[in-house]
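Just below is one structure, and these are the notes that go with it.
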Amino acid sequence: MSLKVKNLSKKYGEKTVVDNLNFEINEPGVYALLGTNGAGKTTSIRMILGMLSHDSGEILWKDKPLDAVACNVGYLAEERGLYPKYSLMDQLMYFAKLRGVSKAAALERIKYWSARFEVDEYIYPSKSSRGKKVPPKKPEQLSKGNQQKIQLISALISDPELLILDEPLSGLDPVNTDLFKSVIYEQIEKKKFLIMSSHQMPTVEEFCTDITILNKSKTVLQGNLNEIKKGYGRVHLFIKCEENIEDLITGCNIELIKRKESEYHLKVTGEEQANELLNRIIAKKIMLIKFELREPSLHEIFVEKVGGDNEEK
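Take the sequence shown: its position 49, counting from 1, is numbered 56 in the numbering used here, and each next residue is one higher.
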């Protein structure tokens with residue numbers, strides 16, 4: 008079982024918005040599709056789902072053209088799509104029916120997910136202090152975070168094999184962020200295939216093993232994230248100490264990227280240069296609180312690949 012995107016392209020007039028996109032997901036897990044605003048991420052996702060036509064290329068699921076109607080695919084759109092004036096239960100049942108889920112299975116899954124996301128009180132009618140039924144809530148009566156929970160329930164209600172999440176954690180508070188993450192981990196454990204698009208690089212690093220970075224419609228970096236980071240080497244040095252060491256840094260010809268009070272972010276050529284600075288700090292008997300040499304983060308790699316060249320398209 009796999010998803011294959013081959014030579015996918017899209018133009019609007021003379022403007023290319025996706026230019027020859029290729030990637031494969033051969034094992035269950037989370038694949039990251041990244042890029043600046045306007046790079047072509049959402050357009051690519053919509054073409055994969057069949058919401059937009061593509062000018063060239065193909066999308067294969069299990070070696071056959073992906074048909075989002077026939078295949079069991081769940082989608083959480085960046086622009087949330089609930090009907091504001093219809094009850095939550097009616098909408099969830101409607102989305103379940105569209106995905107071919109039986110009424111009994113839909114009710115069971117709504118019960119599970121409403122408890123999991125702590126939204127029972129909004130979906131199921133309750134009674135007031137006078138014993139009268141309080142009508143279930145409508146999306147327009149919910150906070151943005153709770154609307155997002157309902158939207159994700161609608162994406163999960165068919166128990167999809169392929170789940171596509173476009174900015175799933177956008178606008179969530181820390182408590183709900185952790186809740187959403189736990190649900191994503193649950194899907195990973197169930198051996199689902201996921202595509203995630205997000206601007207939150209630490210979240211992408213937490214979940215994803217393989218990535219594609221788009222810039223101005225083109226792929227600028229692609230591959231296994233661990234292998235990409237290894238290719239850069241351990242060149243980022245983080246130091247925290249109790250004295251000013253800028254003279255020592257300059258003396259070692261090390262690039263100072265950022266300083267905040269007693270914390271330094273440096274870029275070195277390798278371990279030898281880092282050790283030279285460490286020896287000078289020790290010789291000066293300066294108290295070290297932190298000395299960490301590591302590979303670049305995804306955030307740093309992303310900025311290197313697209314920073315300063317992110318004109319929107």
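Beta carbons: idealized from backbone N, C-alpha and C, even for Gly.
The model shown is predicted, which means the values in this text are computed figures rather than measured ones.
Cα-Cα separation, residue i to residue j
i: Ile52; j: Ile171; result: 8 Å
i: Ser269; j: Ile252; result: 9 Å
i: Cys78; j: Gly314; result: 37 Å
i: Lys110; j: Ile117; result: 10 Å
i: Lys71; j: Ile32; result: 14 Å
i: Lys22; j: Lys267; result: 43 Å
i: Phe298; j: Lys247; result: 7 Å
i: Gly277; j: Lys265; result: 18 Å
i: Ser9; j: Glu212; result: 22 Å
i: Pro303; j: Cys215; result: 16 Å
i: Gln158; j: Lys18; result: 30 Å
i: Lys235; j: Ile218; result: Correcting the residue type first, residue 235 is Ile in the shown sequence and not Lys. Roughly 10 Å between the two C-alpha positions.
i: Glu311; j: Ile220; result: 11 Å
i: Asn183; j: Ile308; result: 28 Å
i: Lys320; j: Gly20; result: Low per-residue confidence applies at Lys320: pLDDT is 35, beneath 50, and the placement is therefore not dependable, though the value from the model is reported in the following sentence. Approximately 13 Å, taken between the alpha carbons.
i: Lys139; j: Tyr90; result: 26 Å
i: Glu279; j: Tyr271; result: 18 Å
i: Glu318; j: Leu295; result: Low local confidence applies: a pLDDT of 43 at Glu318 is under 50, so the model's placement there is unreliable, with the coordinate-based value given in what follows. Whole-angstrom Cα-Cα distance: 42 Å.
i: Asn44; j: Thr210; result: 18 Å
i: Asn233; j: Val275; result: 20 Å
i: Glu115; j: Asn27; result: 42 Å
i: Lys291; j: Asn260; result: 18 Å
CA nearest to the CA of residue i, picked from the options
i: Val25; options: Glu268, Ser60, Trp120 and Lys236; result: Ser60
i: Lys92; options: Thr184, Leu149, Ala84 and Lys13; result: Leu149
i: Phe245; options: Leu232, Lys198, Glu262 and Asp254; result: Glu262
i: Gly152; options: Asp173, Asn27 and Gly178; result: Gly178
i: Leu228; options: Asn29, Leu15, Thr210 and Lys291; result: Asn29
i: Asn222; options: Val37, Ala113, Tyr38 and Gly42; result: Gly42
i: Ala112; options: Ala122, Gly238 and Met100; result: Met100
i: Met54; options: Val37, Leu73, Asn44 and Thr226; result: Leu73
i: Leu105; options: Pro132, Glu128, Lys188 and Val76; result: Val76
i: Trp68; options: Phe200, Ile296, Leu305 and Leu232; result: Phe200
i: Met208; options: Lys140, His306 and Arg123; result: His306
i: Ile160; options: Glu128, Ser189, Ile195 and Phe102; result: Phe102
i: Gln98; options: Ala122, Tyr131 and Arg123; result: Tyr131
i: Ala39; options: Thr257, Asn231, Arg241 and Gly238; result: Asn231
i: Gln154; options: Leu295, Gly88 and Lys237; result: Gly88
i: Gly240; options: Glu115, Ala281 and Cys259; result: Ala281
i: Trp120; options: Ile191, Cys259 and Thr210; result: Ile191
Contact under 8 Å by Cβ, residue i with residue j
i: Glu249; j: Ile293; result: yes
i: Ser224; j: Gly47; result: yes
i: Ser165; j: Val108; result: yes
i: Pro175; j: Ser205; result: yes
i: Asp173; j: Glu34; result: no
i: Glu65; j: Lys145; result: no
i: Ile142; j: Gly81; result: Per the sequence shown, the amino acid found at residue 142 is Pro instead of Ile. Cβ distance not < 8 Å, so Pro142 and Gly81 don't count as in contact.
i: His243; j: Arg301; result: yes
i: Leu284; j: Leu255; result: yes
i: Gly36; j: Ile289; result: no
i: Ala162; j: Leu95; result: no
i: Phe124; j: Leu186; result: yes
i: Ser16; j: Asp62; result: yes
Sheet register partners of residue i (DSSP bridge)
i: Asn222; result: Lys225
i: Ala39; result: Met203 and Ile218
i: Lys13; result: Glu65
i: Val25; result: Lys17
i: Leu56; result: Looking at the DSSP assignment, Leu56 forms no beta bridge with any residue, so it has no partner.
i: Arg266; result: Tyr271
Proximity test, Cβ basis, 8 Å: residue i and chain C
i: Asn260; result: Of the protein chains in this structure there is only one, and it is not chain C.
Distance cut-off 7 Å: residue i Cβ against heavy atoms of the ligand NAP
i: Pro181; result: Among the components of this structure there are no ligands whatsoever, and the ligand NAP is therefore not found.
Entirely enclosed beta strand (DSSP E) segments - the region 167-206, minimum 3 residues = 169-173 and 200-204
key: Ordered list of beta strand (DSSP E) runs contained in the region 277-308, each at least 3 residues   = 295-301
key: Complete runs of the alpha helix (DSSP H) confined to the region 68-149 [at least 4 residues]   = 95-105, 110-123 and 127-130
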